[in-house]
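Visitor: Final position of the sequence shown in the numbering used here is 227; the numbers increase by one with none missing. All C-beta atoms in this analysis are idealised placements derived from N, C-alpha and C, irrespective of residue type, glycine included. Nothing here was measured: the structure is a model prediction, and the numbers come from that model. Below is a structure I'd like to ask you about.
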Amino acid sequence: MTPIDFFIIGFLGYQALSGFRNGFVKIFLQVLAILISFRISMLTYPELTQLFKTHLQFSETPSVIFSFILIWLGIFLIIRVIGIVLDKLIEFSGLSIINRLGGLILGVGKGICFLIPIIIPMFMFKPTFIEYSKVLSPLTPVISTLTQHIIPTRDPILFKETE
65 MTPIDFFIIG FLGYQALSGF RNGFVKIFLQ VLAILISFRI SMLTYPELTQ LFKTHLQFSE
125 TPSVIFSFIL IWLGIFLIIR VIGIVLDKLI EFSGLSIINR LGGLILGVGK GICFLIPIII
185 PMFMFKPTFI EYSKVLSPLT PVISTLTQHI IPTRDPILFK ETE
């Protein structure tokens, strides 16, 4: 096994344990809170920006920045509180182990999502340690297909073909 194998296994193990410890509901709502708060902030920051500009005499740039951050933070915190309450309800209902096992699976998925942007460039340049990797070498066909869909062009500078 190569050092990258140990890193991948360790990172996925950490994410799995973190997911088990936090539970499915908490992790799912963390991700949902980020996405929803970002979307709502994008839709509503112009109104708050106007308030900052008219009532507090802020210039355009600080008004936009403060508006976006305040809306995002407010929505994010509301959803996080809802997540904490739901997590406690699940704990009291006796479904805690199911929540934790779901969190373990979601944690591994979250870890894979973090690793993809690191792994795909490695496959683009085909370093030699990939062929000796017990984790990465079996993934070569999957990553190759994935990169073809993400980057449809087969630019010879980006992709070194395997013999």
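By DSSP, does G74 sit in helix, in strand, or in coil?
Guide: helix
Visitor: Starting from the C-beta of W136, find all residues in its chain whose C-beta is less than 6 Å away, skip the five residues before and the five after it, and write them out in chain order.
Guide: Excluding five sequence positions before and after W136, the CB atoms of its chain that fall closer than 6 Å to its own CB belong to S101 and S105, given in chain order.
Visitor: Is it buried or exposed, Q114, if we count other Cβ atoms within 10 angstroms and call 16 or more buried?
Guide: exposed
Visitor: Once you ignore the five residues that flank D69 on each side, which residues in its own chain have a CB closer than 6 Å to its CB?
Guide: Answer for D69: S197, K198 and V199, listed in chain order.
Visitor: Inspect the CB distances between the stretch 166–184 and the stretch 79–93 and report whether three or more fall short of 8 Å.
Guide: yes
Visitor: How is F122 classed by DSSP in three states: helix, strand or coil?
Guide: coil
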